[in-house]
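Remarks on the structure that follows.
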Amino acid sequence: MNDPTARIGRLAVESLDLLIEAVARTPPESWDRPSILDGWSVRDLVGHATGSAAKIVALLEDGEIWGRSEPADWVCENPAARLRELADRLRDALPGADLDAPRTSPQGEVPLHRALTYPVSDLAIHSWDLHRSQGRLLELPEDLLAFCRELVESVPEDALRRPGAFGPAQPAPEDSTPTTRLMAYLGRAIDDRG
1 MNDPTARIGR
11 LAVESLDLLI
21 EAVARTPPES
31 WDRPSILDGW
41 SVRDLVGHAT
51 GSAAKIVALL
61 EDGEIWGRSE
71 PADWVCENPA
81 ARLRELADRL
91 RDALPGADLD
101 APRTSPQGEV
111 PLHRALTYPV
121 SDLAIHSWDL
131 HRSQGRLLEL
141 PEDLLAFCRE
151 LVESVPEDAL
161 RRPGAFGPAQ
171 PAPEDSTPTT
181 RLMAYLGRAI
191 DDRG
């Protein structure tokens, strides 16, 4: 399915489900441990990803979109429950959403399906980060991996590596999986676990 107006909804659901599964597998003692992202705990990482999930829902519901937020703005007592509530709203909003309707995005006013691109990719990438922060490996589903790769390849190198975005590309072992190679390109340090 190459039609972006049909594909993006399916990928939004898939990426949020991946994050929910990763959060559900996070033991209570892990929340305040460092994540693989410098300066962020596991709790901060999930808070940031929750903000991306909330942005997807707000875009679909044609709600108010906020400017830059911090991970702490989205930290809550029960992140799995909060994410499941957002997933329910996402599934409710998708059937009636006009994915060609204009929405405000960091690139200006764009069709809704395009405005969803960055936050949907963010959920997929941070699901990997959350698993990796706890010593687990995750291979993104092929369609979601291709989607993230397409987005990354469309962003100019100077914008991709700007402060607050992604760090310098890291080496990946020759036998790395496709997801691991993408994450190394996005600045994630890859060790002998994959």
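Going left to right, the sequence shown walks through residues 1 to 194 as full-length UniProt numbering numbers them. Beta carbons are placed, not taken as given, at the ideal position from N, Cα and C, and that holds for glycine. Since this is a predicted model, take the numbers as computed values, not measurements.
Discussion item. Which same chain residues end up closer than 8 Å to residue 138 when comparing Cβ atoms and leaving out the 5 residues on each side of it in sequence?
Written reply: So the qualifying residues of the chain are 18, 22, 127, 128, 131, 132 and 179.
Worksheet item: With which residues is residue 104 paired in a DSSP beta bridge?
Response: Bridge pairing for residue 104: 109 [DSSP].
Worksheet item: Is residue 168 helix, strand or coil by DSSP?
Response: Coil, per DSSP.
Fill in: Status (buried if at least 16 other CB within 10 Å, exposed otherwise) for residue 95
Flag for residue 95 reads exposed.
Worksheet item: Below 7 Å between beta carbons: does that hold for residue 176 and residue 148?
Response: Against a cut-off of 7 Å, the Cβ pair of residue 148 and residue 176 comes out as no contact.
Fill in: Top-ranked residue by Cα proximity to residue 172, from 125, 163, 183 and 88
It is 183 whose Cα lies nearest to the Cα of residue 172.
Item to complete: Compare the C-alpha of residue 229 against each of 151, 162, 187 and 154 and name the closest.
Response: Only positions 1 to 194 of the chain appear in the structure, and residue 229 is not among them; the question remains open.
Item to complete: Using three-state DSSP, classify residue 27 as helix, strand or coil.
Response: Residue 27 falls in the coil class under three-state DSSP.
Practice prompt. Scan the stretch 117-157 and note each continuous alpha helix (DSSP H) run of 4 residues or more that stays entirely inside, going in chain order.
Written response: For the stretch 117-157, whole alpha helix (DSSP H) runs of length 4 or above, ordered along the chain, are 117-133 and 142-154.
Fill in: Collapsed DSSP secondary structure at residue 41 in the structure displayed
Reduced to three states, the DSSP call for residue 41 is strand.
Worksheet entry | Same chain only: Cβ atoms within 8 Å of residue 36, ignoring 5 sequence neighbours per side | For residue 36, where only same-chain residues beyond five positions count, the Cβ hits under 8 Å are 129, 132, 133, 188 and 189.
Worksheet item: Relative to the alpha-carbon of residue 60, which residue among 103, 11 and 146 has its alpha-carbon at the smallest distance?
Response: Residue 103 holds the alpha-carbon nearest to the alpha-carbon of residue 60 among 103, 11 and 146.
Worksheet item: In chain order, what residues of the same chain have a beta carbon less than 8 Å from the beta carbon of residue 106, not counting five sequence neighbours either side?
Response: Closer than 8 Å at Cβ, skipping near neighbours: 118.
Practice prompt. For residue 193, name the three-state secondary structure that DSSP assigns.
Written response: In this prediction, residue 193 has a pLDDT of 46, which is less than 50 and means its spatial position is unreliable; what the coordinates show is noted afterwards. Residue 193 falls in the coil class under three-state DSSP.
Discussion item. Rounding to the nearest angstrom, what Cα-Cα distance links residue 84 and residue 32 in this structure?
Written reply: Rounded to the nearest angstrom, the two C-alpha atoms are 22 Å apart.
Practice prompt. Go ahead and pull the three-state DSSP assignment for residue 34.
Written response: Strand, per DSSP.
Worksheet item: Does the Cβ-Cβ distance between residue 47 and residue 74 come in under 7 Å?
Response: Contact flag set, yes.
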